[in-house]
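Trainee:
Residue numbers (our numbering): 1167 to 1397.
1. Please state whether DSSP places residue 1252 in a helix, a strand or coil.
2. Over the uninterrupted alpha helix (DSSP H) stretch that includes residue 1357, give me the two end residues.
3. Over what stretch of residues does the alpha helix (DSSP H) that includes residue 1200 continue unbroken?
4. Quick check on the DSSP output: the alpha helix (DSSP H) that includes residue 1221 runs from which residue to which?
5. Would you mind sorting residue 1192 into buried or exposed? The rule is 16 or more other CB atoms within 10 Å of its CB.
6. Would you please state the rounded distance, in angstroms, between the beta carbons of residue 1278 and residue 1309? I believe it to be under 8 Å.
7. How would you label residue 1325, buried or exposed, when you count the other beta carbons within 10 angstroms and need 16 or more for buried?
8. By the three-class DSSP mapping on this structure, what secondary structure does residue 1245 have?
9. Taking all protein chains shown into account, decide if residue 1343 is buried (16 or more other Cβ within 10 angstroms of its Cβ) or exposed.
10. Using three-state DSSP, classify residue 1274 as helix, strand or coil.
11. Considering only DSSP beta bridges, list what residue 1310 is partnered with.
12. When DSSP labels each residue in this structure, what does residue 1182 get in the three-state scheme?
13. Near residue 1321, what residues of its chain come up, given a Cβ to Cβ distance below 6 Å and the 5 sequence neighbours on each side ignored?
14. Starting from residue 1382, follow the beta strand (DSSP E) in both directions and report where the run begins and ends.
15. Can you check whether the CB of residue 1182 is closer than 8 Å to the CB of residue 1259?
16. From residue 1323 to residue 1356, what distance separates their C-alpha atoms?
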């Protein structure tokens, strides 16, 4: 396959940067439940009252819960660590993710999270692999969370990718989207004009396949030698 000229990489988090493979199949508590516990401890109140206090700060479907922390008087690092420690028993950061992100940094190609996760939650997940903390990641330039445009459908909105391209003036012909779900990561990205759509399937036998106008790979490292920074 010929070399791919890329200036911007949009990258999904769940199932793309991360993989399941911990002690549990889900988090022990949802992010909201983690925050409820912290609010209960902070104010010595019951769970119902704590949740009402949280929801009074805004709609959790449109805002990241971390946005409410200053108003609630909850320490950001405390909440971040509670999420990270729970996630560590649920997900892992595969070696190919780390290698790919390091390679893109060396090539000076920005990688931006394009995800249903908020920046805060995305960083908590990457922190499981030691490549992020609450303040950011040296490998991630920007995050495009599902709630960025205050659309209730978030990343699943038909306008998600076109809104990103328009707002940040990314060149569609040198933009790549990498994900694990064609329905949300490949087809809508291509429809929005993004030139390169890549789907990671780590259980795929072939290292690389071209189909459905996309590139299907079994390891992110397959992409490393294919990508070069566009002019």
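C-beta atoms are modelled at their ideal positions from N, C-alpha and C, and glycine is treated no differently.
Mentor: Taking the coordinates as given:
1. Residue numbering aside, residue 1252 sits at position 86 when the chain shown is read from its first letter. The answer is helix: DSSP assigns residue 1252 an H, G or I state.
2. Looking up residue 1357 in the chain shown gives position 191. Element bounds for residue 1357: 1353–1357.
3. Against the chain shown, residue 1200 aligns to sequence position 34. That run of the alpha helix (DSSP H) goes 1197–1209.
4. In the chain shown, residue 1221 corresponds to position 55, counting from 1. Taken as a continuous stretch (DSSP letters only), the alpha helix (DSSP H) holding residue 1221 covers 1213–1221.
5. Here the question's residue 1192 lines up with position 26 in the chain shown. Exposed, by the Cβ-count rule.
6. Looking up residue 1278 in the chain shown gives position 112. Looking up residue 1309 in the chain shown gives position 143. The Cβ separation is near 7 Å, so the contact holds.
7. Within the chain shown, residue 1325 is the residue found at index 159, counting from 1. So residue 1325 counts as exposed.
8. Your numbering for residue 1245 matches position 79 in the chain shown. DSSP places residue 1245 in helix when its eight states are reduced to three.
9. Your numbering for residue 1343 matches position 177 in the chain shown. Buried, by the Cβ-count rule.
10. The residue given as residue 1274 occupies position 108 in the chain shown. It is coil, neither helix nor strand.
11. Counting from one through the chain shown, the residue named residue 1310 turns up at place 144. Beta-bridge pairing links residue 1310 to 1280.
12. On the chain shown, residue 1182 is found 16 positions in, with the first residue counted as 1. Coil.
13. Counted from its first residue, the chain shown places residue 1321 at position 155. The residues are 1282 and 1312.
14. Walking along the chain shown from the start, residue 1382 turns up at place 216. Residues 1380–1383.
15. Numbered from 1 along the chain shown, position 93 holds the residue referred to as residue 1259. Numbered from 1 along the chain shown, position 16 holds the residue referred to as residue 1182. Not a contact, by the Cβ cut-off of 8 Å.
16. Numbered from its first residue, the chain shown carries residue 1323 at position 157. Numbered from its first residue, the chain shown carries residue 1356 at position 190. Looking at the two C-alpha atoms, the distance is approximately 14 Å.
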